[in-house]
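Taking it in order: structure first as structure tokens, then the write-up.
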Amino acid sequence: MDREAYRNCCSLVKMPRQPYEQFWSSHFVDYIDKELSYSRFFKKYLLPNHPCMFSRRFTEGWKCRKQWVTEDGKPHFQKLLQEFDETPVPVANCNAKEYNANPKQVMPFKEFIHYWKEYIQNGHSSPKGCLYLKDWHMSRDFPEHNVYTTPVFFSSDWLNEYWDTLEVDDYRFVYMGPKGSWTPFHADVFRSYSWSANICGRKKWLLYPPGQEEFLRDTHGNLPYDVTSSELQDKGLFPRSDEACQPLEIIQEAGEIIFVPSGWHHQVYNLEDTISINHNWLNGCNVDIMWQFLQNELSSVQKEIDEWRNTMDSWHQHCQVIMKACSGIDYAEFSSFLKIISDNRMAYLNACSAGDSSDYPRHLSETLTTLGPYHAAFDLQRVAHVLECLLCNEDFKRLDHSTLAAQPETMLQQIRDTVQSTRGQHHLYQE
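For the sequence shown, numbering that gives the first Met the number 0 assigns the number 0 to the initial residue and increments by one for each residue that follows.
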């Protein structure tokens, strides 16, 4: 991040997201085929929360595009089997519906490839249905493979930084699916960003800007499983569906990377036999969207069990437990998440100030050094803003703060002290 981008955005309380009308009036997204600076991407796409597509030149050096793909652009089953063979992988059945998603099973990789080959030989059909290998943590299972490199544009990734620190989970996935496989209508976890790179094959994306999904809810408040279904024409079931804009339809070719911003609900089809790499990620530009999502999730839980509010002494605590079971995180863990992110950036700035980063984790040091101290300072400003919101939130106040990893007031003061002490050291912020 450069000085101009930092000065333009670090003092903003609310991120400057522009109206989305341009997308459903023109039905296009920017196609990036030339060199693009991180600061330009930050200002034009991250901050305003706008989608874009990167050309195949941004993935042409990836090993997987050479090793996993045949000369005619098809999945290289033989090479893939040599690498993964008996590895257990999650596989969804696209022909079955379970709570607005596809049920999954775990099977050996070689069994899925055997199915895929037969599916192709049978004219892309099978009595087993259309199976789709998805949400496979390949990078976590095979950290030594290094078959791709996260583009710098997506490197400010708080979500995976947090889970890497805990060594528990990650949000880096590989998808492999035959022609006809698809993903039902949804938004990404915690309303995060996502980027998806086609290693081979083609996809069709249907994208709806934030807020449009509200018109697509049924009379029970549920989102549709399939936005192309004729069911949406039933006004008795989907009373406001005709108020929604037409989706932004994007065809993604082999080698291209799509950037899907926060809260853009989408439905995705594999138009050919396709392999893709996908990351969910968060950073300072959309952490406020995550915080709003968590508040909405808690509010929904509270409404669901409101009748027991006056009969349970631990009602508020119980709401947090249910919220975590449903969404994967509660307010206490969100506070821990903010602590790890802020600790890493304060350590980086302090190490820069001391001129010694030898004790700093290498993978984080490389990322933060690439993005620079302006970005670290921006991140801290954003964490500070959300911490201030937390401290004013009545539900957060009700938590037992003695169980928190750190007291938000202390974290907030530490951030302010670090930013203030390093701001005067101009050598840290050289262009």
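For glycine and all other residues, C-beta sits at the position ideal for the given N, C-alpha and C.
Secondary-structure assignment with DSSP links residue 172 through a beta bridge to 277. Between residue 276 and residue 147, the C-beta spacing is below 8 Å. Partner residues in a beta bridge of residue 333, as assigned by DSSP, do not exist.
Exposed is the label assigned to residue 166, since fewer than 16 other Cβ atoms lie within 10 Å of its Cβ.
Rounded to the nearest angstrom, the gap between the Cα atoms of residue 194 and residue 153 is 8 Å. Looking from the CA of residue 338, the closest CA among 198, 405, 196 and 68 belongs to 405.
When C-beta atoms of the region 180-200 are compared with those of the region 262-281, three or more pairs fall below 8 Å, so the two segments count as touching.
Taking a 10 Å sphere around the C-beta of residue 27, we find fewer than 16 other C-beta atoms and assign the residue as exposed. DSSP places residue 50 outside both helix and strand once states are collapsed to three, so it counts as coil. DSSP lists no beta-bridge partner residue for residue 96. In the structure shown, residue 196 falls within a strand segment according to DSSP collapsed to helix, strand and coil. In this chain, the beta strand (DSSP E) harbouring residue 29 covers 29-31.
Just so you know, the alpha carbons of residue 262 and residue 417 end up roughly 32 Å apart.
Bounds of the beta strand (DSSP E) holding residue 181 are 181-185. By the beta-carbon neighbour count (other beta carbons within 10 angstroms, threshold 16), residue 324 is exposed. The three-state secondary structure of residue 167, taken from DSSP, is coil. Collapsing the DSSP output to three states places residue 258 in a strand. Contact between the region 168-180 and the region 209-221 is absent, with fewer than three C-beta pairs closer than 8 Å. If you draw a straight line from the Cα of residue 370 to the Cα of residue 164, it comes to about 19 Å. Spatial neighbours of residue 44 in its own chain (CB-CB distance under 7 Å, excluding positions within 5 residues in sequence) are listed in chain order as 51 and 258.
Going by DSSP, residue 320 is part of the alpha helix (DSSP H) stretching over 314-326. For residue 269, the enclosing beta strand (DSSP E) covers residues 264-269. Of the residues assessed, residue 343 falls on the buried side of the cut-off, its CB having 16 or more other CB atoms within 10 angstroms.
Looking at the backbone, the Cα of residue 157 and that of residue 284 are separated by about 11 Å. Between residue 226 and residue 184, the CB-CB gap stays under 8 Å. The closest CA to that of residue 365, considering only 42, 77 and 160, is found on 160. Residue 335 and residue 328 have their C-alpha atoms some 10 Å from each other. Counting other Cβ atoms within 10 Å of its Cβ, residue 65 stays below 16 and is therefore classed as exposed.
The shortest CA-to-CA distance from residue 142 to any of 252, 172 and 374 is the one to 172.
Residue 231: not part of any beta strand (DSSP E); DSSP gives it neither H nor E.
Two segments are said to touch when three or more pairs of C-beta atoms, one from each, lie closer than 8 Å; by this definition the region 297-308 does not touch the region 377-388.
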